[in-house]
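Q: Quick one: structure below, then a few questions.
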């Protein structure tokens, strides 16, 4: 970064710490591509990367008063992003393990379910875990979008988008299953 840019960044940081939202927006704009790149590389998923990048800037905003400038601002943001991504991966692994355990219990449980129910469950398991969670919580558990967003720790817009995408995928998967 050129000296002028560093001076601007220091100015934006000081102003952001004093509550200037526009200055923080300039910091986000200056580092958004960098943070999105690292979260994408950590997750391999554009949707997850976007969620983690957004969460990185939310955390940075909350923790901004504690930024002392001992390191570069970009290094501080990297630390937040990488920690969030590592926590996300641990959480994802735990959720996947629970889901696998649940699925194996469902497979071994004696049921007299109708074939449609089995096809729907089969289709649900083909969704990515975040979409599946949104469907299960809203459709099967009856939570509204706000409650689902709180449970999944994402925005209501994200829940809506996951449901929209999941419905399209389910429709396609179920049509393929019914043709088999």
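Residue numbers (this note's numbering): 3 to 182. Where is the CB? At the ideal position from N, CA and C, for every residue including glycine.
#1: When you compare each of 16, 23, 51 to residue 68 by their alpha carbons, which one comes out closest?
#2: Would you mind reading off the limits of the alpha helix (DSSP H) that contains residue 27?
#3: Name the two residues that bound the continuous alpha helix (DSSP H) containing residue 63.
#4: Can you give the Cα-Cα distance for residue 174 and residue 93, rounded to whole angstroms?
#5: Could you please give the first and the last residue of the uninterrupted alpha helix (DSSP H) stretch that includes residue 160?
#6: Can you name, in chain order, every residue of its own chain whose Cβ lies under 7 Å from the Cβ of residue 53, other than the five neighbours on each side?
#7: Please report how far the alpha carbon of residue 135 lies from the alpha carbon of residue 95, in whole angstroms.
#8: Work out the CA separation of residue 63 and residue 21 for me, nearest whole Å.
#9: Using three-state DSSP, classify residue 152 as helix, strand or coil.
A: With the structure as the only source:
#1: 16
#2: 23 to 45
#3: 48 to 65
#4: 29 Å
#5: 158 to 181
#6: 156, 160
#7: 14 Å
#8: 10 Å
#9: helix
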